[in-house]
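**Q** 1 is the number of the first residue of the sequence shown in the UniProt record's numbering; add one for each residue after it.
Where is the CB? At the ideal position from N, CA and C, for every residue including glycine.
Could you have a look at this structure, given as structure tokens, before my questions?
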Amino acid sequence: MFDCHELQILVAGDEGEIDIEDLRRNTIIVLLDFTEDHPGIHMFWSVVRSFTEEQKKKLLKFVTSCSRPPLLGFKDLYPSFCIQLLPNVNNRLPTSATCMNLLKLPYFNDEQTLREKLLYAIDFDSGFELS
Numbered sequence: 001m002f003d004c005h006e007l008q009i010l011v012a013g014d015e016g017e018i019d020i021e022d023l024r025r026n027t028i029i030v031l032l033d034f035t036e037d038h039p040g041i042h043m044f045w046s047v048v049r050s051f052t053e054e055q056k057k058k059l060l061k062f063v064t065s066c067s068r069p070p071l072l073g074f075k076d077l078y079p080s081f082c083i084q085l086l087p088n089v090n091n092r093l094p095t096s097a098t099c100m101n102l103l104k105l106p107y108f109n110d111e112q113t114l115r116e117k118l119l120y121a122i123d124f125d126s127g128f129e130l131s
């Protein structure tokens, strides 16, 4: 039998730090007009690696609606974490589709802009209704 704390971890996920490399290894990149080596994908991971733990949790919640990683790692996240890189039209903010664990990420020309737009989106929970 599980005690209430163990059951909560099984259902709600791990309370520990978010392993960005595990997330990266288990992320599906949805490519439209881009290649997998596109600088926008590399910039995204660079920005996310620089996030505080709180910002990582907000990003995870923004995309999946849960701020905790799966107990056994992101290989067990269903559906898988996905990033769809989009052309940057009118400086749109990143948005998400939490039912599909999908981050819709406009391509920004530099890391600073990407960081600012991503933090704005996750800090103000502006993802779903702007899709």
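What does the Cβ neighbour count give for R115, buried or exposed, with the cut at 16 atoms within 10 Å?
**A** As a position in the sequence shown, residue 115 is number 115, starting the count at 1. Flag for R115 reads buried.
**Q** From this set, K104, H42, I20, C82, which residue's C-alpha is nearest P88's C-alpha?
**A** As a position in the sequence shown, residue 88 is number 88, starting the count at 1. Here residue 88 is Asn; the residue named in the question, Pro, does not match the sequence. Here the closest residue by C-alpha is K104.
**Q** May I ask you to verify whether the segment 48-58 touches the segment 91-100, counting CB pairs closer than 8 Å and requiring at least 3?
**A** In short, these stretches do not touch, since the Cβ pair count stays below three.
**Q** What does a CB cutoff of less than 7 Å around K117 pick up in its chain, not counting 5 residues either side in sequence?
**A** Locating residue 117 in the sequence shown gives position 117, counting from the first residue. Excluding sequence neighbours, K117 sits near L93, P94, F108.
**Q** Per DSSP, what kind of secondary structure is L103 in: helix, strand or coil?
**A** Here residue 103 refers to the residue found at position 103 when the sequence shown is read from its first residue. Residue state, collapsed to three classes: strand.
**Q** For the beta strand (DSSP E) containing S96, name the first residue and the last one.
**A** The residue given as residue 96 occupies position 96 in the sequence shown. Start and end: 95-97.
**Q** Going by DSSP, what residue range makes up the alpha helix (DSSP H) through I20?
**A** By one-based count along the sequence shown, residue 20 stands at place 20. Looking at the DSSP string, the run of the alpha helix (DSSP H) that includes I20 is 20-25.
**Q** Between P106 and the rest of its own chain, which residues show a CB-CB distance below 6 Å, the 5 nearest in sequence each way excluded?
**A** As a working note, residue 106 is residue 106 in the sequence shown. Once the five neighbours on either side are set aside, the close Cβ partners of P106 are L86, N88, R92.
**Q** Grouping DSSP H, G and I as helix and E and B as strand, with all else coil, what is C82?
**A** Against the sequence shown, residue 82 aligns to sequence position 82. Strand, per DSSP.
**Q** G127: buried (16+ other C-beta within 10 angstroms of its C-beta) or exposed?
**A** For the purposes of this step, residue 127 is taken as residue 127 along the sequence shown, with counting starting at 1. Bear in mind that a pLDDT of 46 at G127, under 50, signals an unreliable position, so the number given afterwards is only what the model happens to contain. Per the 10 Å Cβ criterion, buried.
**Q** Between K75 and the rest of its own chain, which residues show a CB-CB distance below 6 Å, the 5 nearest in sequence each way excluded?
**A** By 1-based counting over the sequence shown, the position of residue 75 is 75. Around K75: N26.
**Q** In terms of DSSP beta bridges, what is I28 paired with?
**A** For this step, residue 28 is matched to residue 28 along the sequence shown. Bridge partners of I28: C82.
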